[in-house]
Amino acid sequence: MSTANNQQLREQLIAAVVKKRAALARAHQIVVTLLEQQVDEQTFLTLLSQIGPENYADVVEERHINKLCGYPLCDVAVEKVPTKQYQICAVRNKVYDITERKKFCSGYCFKASEYIKSQVPTSPLWLRDKEKKPDFKLLPRENLNRTQ
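Numbering (the UniProt record's numbering), first residue to last: 1 to 148.
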């Protein structure tokens, strides 16, 4: 009886590892897809449920390296990247670290990307088939003006 249980446990473990590898491979493929300059909005929203926050961060970083705006729905090339790391606001008497902001063409794209990133599920990719798919929402363009 124990050999049958051991065999069944072994098969379940192998199936779980295969499922995990497939989910990670799928997430990697989605990251590559989101590196394209033109990403369709509906496709983007559909693919988000199959990646994790670290995958989304990879998309932003890779797009920045390719001199594209880090927000996958934006196709603007970022040519002039500020070299400074901090922005000083004299009005508020604050110093802001703009390391992440430099990866985007505008304040809107930065905020929209952060808004999406906050909605990406943090659960393991290979366990998401048992979860309800999240309903992702984009940051409305009317709320912010799109300036450089």
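All C-beta atoms in this analysis are idealised placements derived from N, C-alpha and C, irrespective of residue type, glycine included.
These numbers come from a predicted model, not from an experiment.
Neighbour-count burial assignment, residue i, 16 or more Cβ in a 10 Å radius
| i | result |
| --- | --- |
| R63 | buried |
| C89 | exposed |
| N55 | buried |
| L127 | exposed |
| I65 | exposed |
| S106 | buried |
| A15 | exposed |
| K132 | exposed |
| V18 | exposed |
| L13 | exposed |
| V32 | exposed |
| L125 | buried |
Cβ-based neighbour list, residue i, same chain, cut-off 7 Å, excluding 5 preceding and 5 following
| i | result |
| --- | --- |
| A77 | K67 and L68 |
| residue 152 | One cannot answer for residue 152 here, as it falls past the ends of the chain, which runs 1 to 148. |
| V60 | G70, K103 and S113 |
| T122 | G52 and P53 |
| D58 | V31 |
Integer Cβ distance of residue i from residue j, believed to fall under 8 Å
| i | j | result |
| --- | --- | --- |
| I116 | L34 | No, I116 and L34 are not in contact; Cβ-Cβ is about 11 Å, not under 8 Å. |
| L45 | F136 | 5 Å |
| P27 | Q50 | Note that residue 27 corresponds to Ala in the displayed sequence, not to Pro. Indeed they touch by this definition, with Cβ atoms about 6 Å apart. |
Segment limits, alpha helix (DSSP H) that includes residue i
| i | result |
| --- | --- |
| I30 | S2 to T33 |
| K137 | K137 -> no alpha helix (DSSP H), and no H or E assigned at all. |
| F44 | E41 to L47 |
| G107 | G107 to K117 |
Residues sharing a beta bridge with residue i, DSSP
| i | result |
| --- | --- |
| L73 | Answer is none; L73 lacks a bridge partner. |
| K67 | In DSSP, K67 forms no bridge with anything. |
| C89 | K94 |
Sequence-distant residues of the same chain with beta carbon closer than 8 Å to residue i, five excluded per side
| i | result |
| --- | --- |
| Q119 | L48, P134, F136 and K137 |
| A25 | none |
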